[in-house]
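Written out below as structure tokens is the structure these notes cover.
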Amino acid sequence: MAGSYLVKNTKWTRDFLRGFADYEFRLPESFHGTDNGAIHAYLAEIICHNDVVNLPFCLWIYNNSNGFNDLFLYEACIRHLLGEAPRFERIKILPKGTAWTRDNWITNSKWNDERDFMMHNWKTTQLRPLPYENLIFSGNSTNYAQSSTLHRLESESRGEWYNPIAGPIVLSLCTRGNTTWQYDRNLLATRQQIDDRLISLAETVDEERAEAMVHLQKLWKIWLTMNDRDNDNTKHGPCNSLEIL
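First residue of the sequence shown? That's 2 in my numbering, and the numbers climb one at a time after it.
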């Protein structure tokens with residue numbers, strides 16, 4: 002998810018956000034992943050701006066991406082350059098599961114009223130009727146529901162969701178100080194259940210990223226040959242080199 006930030010109102014921040022917005026006009030003619038792909042390239046350009054070897058390699062993958070697998074390779078490449086450090090001068094990147102908003106599909110619309118603050122990408126066109134039975138966590142074999150009947154969202158679309166309110170959503174009631182919301186108990190989970198699911202997903206992504214690094218090593222050698230470069234893995238500024246394995 003690339004669309005949620007906390008920013009300090011300074012000239013640097015305003016210039017940063019304008020630059021990211023203008024990246025729309027620089028998107029490649031490839032499977033670019035819209036804002037999610039762009040934020041990786043844009044951050045890397047700012048943080049690794051002196052890197053004339055490793056960053057161009059990642060952008061080469063980006064410019065030639067044909068699908069989600071290629072896009073994941075490119076994003077893994079950028080994440081490797083940035084490393085594990087959470088802070089880069091004026092920029093701080095929050096680890097998975099620690100931010101103020103998250104995607105709904107990770108827990109199949111289940112949430113915790115103490116842990117979760119905001120959900121991302123809810124659209125009325127993708128709202129689905131809630132089954133009368135309890136739900137399991139999508140993508141997780143552990144059954145936290147009491148019912149023997151297990152339900153998931155209707156498709157694998159990551160945009161579909163169930164209404165957490167017990168009843169229709171009435172926007173006129175969304176006023177300051179209104180704390181009388183009645184939540185659908187079928188969609189409430191414990192904080193521990195949500196945390197466990199987010200940790201499990203983060204571990205899965207780390208495993209997939211490790212597999213991607215093996216593929217990146219092969220592409221790295223191809224790219225060096227194509228561009229008649231030596232295996233120059235010198236670090237540039239705060240960014241890692243692509244001396245992968």
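Using N, Cα and C, we set each Cβ at its ideal position, and we do this for glycine too.
Remember, it's a predicted structure, so these values are computed and weren't measured experimentally.
Burial state of residue i (16 or more Cβ within 10 Å)
i    : result
D52  : buried
I281 : As displayed, the chain neither begins before 2 nor continues past 246, which places residue 281 out of reach and without an answer.
L56  : buried
K111 : buried
A22  : exposed
R15  : exposed
A77  : buried
N10  : exposed
T143 : Reliability fails at T143, whose pLDDT of 38 lies under 50, so the model's placement of it is uncertain and no value is given.
L188 : buried
T228 : One detail in the question is off: residue 228 reads as Asn in this sequence, not Thr. Answer is exposed; the Cβ neighbour count stays below 16.
N1   : With the chain covering only 2 through 246, there is no way to say anything about residue 1.
I200 : exposed
T180 : exposed
9 Å Cβ cutoff met for residue i and residue j
i    : j    : result
K124 : G160 : yes
I107 : L202 : yes
N113 : A190 : yes
T99  : M120 : no
G38  : Y6   : no
G34  : L72  : yes
D197 : N164 : no
R116 : R192 : yes
I48  : F89  : yes
S31  : N64  : yes
Chain-order list of residues whose beta-carbon lies under 7 Å from that of residue i (same chain, five-residue window excluded)
i    : result
L60  : A42
H50  : none
W224 : F58, W61
W13  : R91
Sequence-distant residues of the same chain with beta carbon closer than 8 Å to residue i, five excluded per side
i    : result
Q183 : I166, A167, G168
V87  : According to the sequence provided, residue 87 is Pro. The question's Val does not apply to it. Only K93, I94, L95, P96 meet the Cβ criterion.
Residue i beta carbon near the ligand NAD (any heavy atom closer than 8 Å)
i    : result
I166 : The ligand NAD is absent from the structure shown, which contains no ligands of any kind.
Item to check | Validate contact between the segment 36-53 and the segment 83-91 using beta carbons, cut 8 Å, 3 pairs | outcome: A contact between stretches requires three or more CB pairs, one per stretch, nearer than 8 Å, and the segment 36-53 meets this requirement with the segment 83-91.
Item to check | Ranges of the beta strand (DSSP E) found wholly within the segment 170-202, counting only runs of at least 3 | outcome: Taking only runs of at least 3 residues, no beta strand (DSSP E) segment lies wholly in the segment 170-202.
Checklist entry - If you scan the segment 49-74 from start to end, which runs of the alpha helix (DSSP H) of 4 or more residues do you find wholly inside it? => result Runs found: 55-64.
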